[in-house]
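Protein chains in written order, with this note's numbering: chain A, 227 to 424; chain B, 227 to 424.
There are 2 protein chains.
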Amino acid sequence: MRTVDPEKHALKRANIVAAAAAEFAANGVDGTSTAAICRRACIGSGTLFHYFPTKRDIFHAVFSDDFERSAAIYEEAVTAVRAEAGLELLVDHLVVSLADPLAPGLMAAAVLQAYRDEEFGRLLAGDEARLRAALTSLLERMAADGRRLAFGPDRTARWIQRLFDASFLATGDRDYDPSAQATELRKTVDWLTGRQGS
Amino acid sequence: MRTVDPEKHALKRANIVAAAAAEFAANGVDGTSTAAICRRACIGSGTLFHYFPTKRDIFHAVFSDDFERSAAIYEEAVTAVRAEAGLELLVDHLVVSLADPLAPGLMAAAVLQAYRDEEFGRLLAGDEARLRAALTSLLERMAADGRRLAFGPDRTARWIQRLFDASFLATGDRDYDPSAQATELRKTVDWLTGRQGS
DNA sequence: TTATTAATGGAGCGCATGCTCTATTTATGA
DNA sequence: TCATAAATAGAGCATGCGCTCCATTAATAA
Chain A
227 MRTVDPEKHA LKRANIVAAA AAEFAANGVD GTSTAAICRR ACIGSGTLFH
277 YFPTKRDIFH AVFSDDFERS AAIYEEAVTA VRAEAGLELL VDHLVVSLAD
327 PLAPGLMAAA VLQAYRDEEF GRLLAGDEAR LRAALTSLLE RMAADGRRLA
377 FGPDRTARWI QRLFDASFLA TGDRDYDPSA QATELRKTVD WLTGRQGS
Chain B
227 MRTVDPEKHA LKRANIVAAA AAEFAANGVD GTSTAAICRR ACIGSGTLFH
277 YFPTKRDIFH AVFSDDFERS AAIYEEAVTA VRAEAGLELL VDHLVVSLAD
327 PLAPGLMAAA VLQAYRDEEF GRLLAGDEAR LRAALTSLLE RMAADGRRLA
377 FGPDRTARWI QRLFDASFLA TGDRDYDPSA QATELRKTVD WLTGRQGS
C-alpha cells in the first residue's frame, strides 16, 4: 500500500496554481493553453490533469485559494474592538494586495469569466459580498459613533470596493506610482468615511 | 466597371463591428470565434474577411471607432469658455457611456488584449492620454481660478478616470443602480475638484 | 523485499479554430 | 444590354486545443 502525503500534494498543487495564475493574468482563460501551464510549472499534461479535472477548475482554484485567505481577514476586521481599527485592517489588506503584479490581468480575466461561468460568478460574488458586509458593518458602527459618511453605509462600502477595483486596474499602467496611489487612496477613503482633516 | 459605394460599405462594416462588439464583450477576444461573429451579423465567413483581414483587426475597429468619437468630445471640452462647463461635458459623456451594457465586458477584454497586443496597447493608451490631457488642462484652469483640488491637477485627473473605470466594471453587477451611481459619481468628482457644498 | 498505488510524462484523439479559396450573385459604368 | 468587379456564401485546410490513455517510475505499508 501507498498513501497520499497531503503536504506534498498541497505543495505541488500550489505550484500549479501559481503557474496557472501567471498565465491566466497574461492571457485570460481562453488565451491560456493547458500546455502553457504545464510548460511554466515544468510538468507534463498527465500530471496537470492528475491534480485538476479541467482547465476551468484550475482557474477556480486560483481565486478560491485567495478568497479563503481574504475571508479570514474580513472576519478578523469585523470583530475588532474599535471600528476604525477594523476598517484600517481591511484597507491595509487591500493596499497590500495592490502590490501583486498579476492583479489587473486576473481581475480582467475574472470579469469575463463571470459572464460565462455561473459557478465562478457565484464564487466572485461571494467574496465581494463578504467584503462589502464587513465594510458595511464597520461603517455602521462608525456612523453610530458620529462619523458623517459621504453616503449611506452600504453605498459607501460599495465605493470603497470600487476605488480598489479601479486601483487594481491602474497597477497595470506604465507610470504607476504605488506610494502616491496608496496615499491618495487612503485620503479618498478618509473623505468617504467622513474622517476629520481630509 | 463597378465602383465601391462608400456609404453602403461603411454601413455593412458598422453592422459587423456591432455584432463583434457584443461577442467580444460576452466572451473576450480568444473566447469569440469568427463563426460566432458571422452568425450574429448574419453573414458568411467570406464576407467577414472581405471587410477585415483578421479577427484582431475587428477588435481594434470596435475600439478605434469609439475613440474617434470620444476624441472629438475631448477637443470640444478643452475649448470650452468656462473650465467648469468643459469638465461637465466630459463627465456627462462618461456618464452616458456608462449606460452601454457592453462596457464592462469590453473593458475587461481590452485590459487583457493590451498585455499581448502592442498595437492595441498603444490605441488604448492613446485614448486614456487624450482624456487625461483634457481633464488636466481643465483642472489647471479651475485651480488657477481658485478651486482647491484634492490632489495636483494631473493626479486628480487620473482619479477621475479611475472612478469611471471602476464604475464601468460595476455596471456588470446584478444590483447595479444607474441613477444612484451617477449621483454619487458626480458628488465624488465634486469633492475631487474642490467644489463647494460637497 | 515485495505488493500496491500514487505520481508522472507524453503520444495522440477528436474537435473547433482562424482563415483561404472558389464559385456564384449582384450592382454599376459605358 | 453587356462587361466588369464588388459582394457574398460556404466548403475545406492546416493548426492548435483540451483532455485521455497508457506505460513507467517512485514511494510507502506490510
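No residue lacks a Cβ here, since even glycine has one placed at the ideal position from N, Cα and C. Predicted, not measured: the structure shown is a model, and the values here were computed from it.
Measuring CB to CB, does residue i end up less than 8 Å from residue j?
i: T224(A); j: L313(A); result: Outside the displayed range of chain A (227 to 424) lies residue 224(A), so it cannot be described from this structure.
i: A247(A); j: V307(A); result: no
i: G257(B); j: D343(A); result: no
i: L357(B); j: S290(B); result: no
i: R388(A); j: A392(B); result: yes
i: Y341(A); j: A309(B); result: no
i: I299(B); j: L274(B); result: no
Got a sec? Which residues, its chain only, sit under 6 Å from residue i by beta carbon, not counting five neighbours each side?
i: A293(A); result: Per the sequence presented here, residue 293(A) reads as Phe, with Ala not at that position. Contacts found: D353.
i: I284(B); result: A246, F278
i: M333(B); result: F394
i: S405(A); result: none
i: I242(B); result: A267, Y277
i: W385(A); result: L418
i: K281(B); result: T260
Using a 10 Å radius around the Cβ and a threshold of 16 neighbouring Cβ atoms, would you call residue i buried or exposed?
i: T382(A); result: buried
i: A236(A); result: exposed
i: Q422(B); result: exposed
i: M368(A); result: buried
i: P330(B); result: buried
i: A396(A); result: buried
i: P379(A); result: buried
i: E345(B); result: exposed
i: G254(A); result: buried
i: E233(B); result: exposed
i: V230(B); result: exposed
i: E410(B); result: buried
Looking only at its own chain, which residues have a Cβ that is under 7 Å from the Cβ of residue i, when we skip the five neighbours before and after it?
i: V304(B); result: G312, A360, S363, L364
i: A336(A); result: F289, L350
i: E249(B); result: T258, A262, I263, R266
i: L328(B); result: A247, A248, A251
Kindly list, in the order they appear in chain B, the residues whose Cβ is closer than 9 Å to that of residue i.
i: L395(A); result: M333, V337, R388, D391, A392, L395
i: P232(A); result: By Cβ distance, chain B contributes nothing, its closest Cβ being about 35 Å from P232(A), past 9 Å.
i: G398(A); result: V337, A340, Y341
Grab me the residues of residue i's own chain with a C-beta within less than 8 Å of its C-beta, minus the 5 sequence neighbours each way, in chain order.
i: A297(A); result: D353, R356
i: D403(A); result: none
i: S424(B); result: Note that S424(B) scores 46 on pLDDT, short of 50, meaning its location in the model is unreliable; the coordinates nonetheless yield the value given after this. Cβ within range, chain order: K413, D416, W417.
i: E366(A); result: P379
i: L375(B); result: L365, M368, A369, T382, L418, T419, G420
i: F377(A); result: W385, L418
i: H286(A); result: E345, F346, L349
i: F390(B); result: L320, L324, L411
Give the residues of chain B in contact with residue i, contact being defined as C-beta atoms less than 8 Å apart.
i: P432(A); result: Here chain A comprises residues numbered 227 to 424, so residue 432(A) is not present and cannot be evaluated.
i: R381(A); result: A406, E410
Residue i versus chain A: which residues are under 8 Å apart at the beta carbon?
i: A252(B); result: Y341, R342
i: P330(B); result: V337
Closer than 7 Å by beta-carbon distance: list the chain A residues that pair up with residue i, in chain order.
i: W256(B); result: In the sequence on display, residue 256(B) carries Asp and not Trp. Chain A residues near D256(B): G254, D256, G257.
Residue i touches chain B at which residues, Cβ-Cβ below 7 Å?
i: F377(A); result: E410
Does at least one heavy atom of the ligand PLP sit under 7 Å from the Cβ of residue i?
i: D401(B); result: In the structure shown, the ligand PLP is absent, as is every other ligand, since no ligand is present at all.
The stretch 258-272 of chain A contacting the stretch 314-334 of chain A, beta-carbon criterion three pairs below 8 Å: Touching, no.
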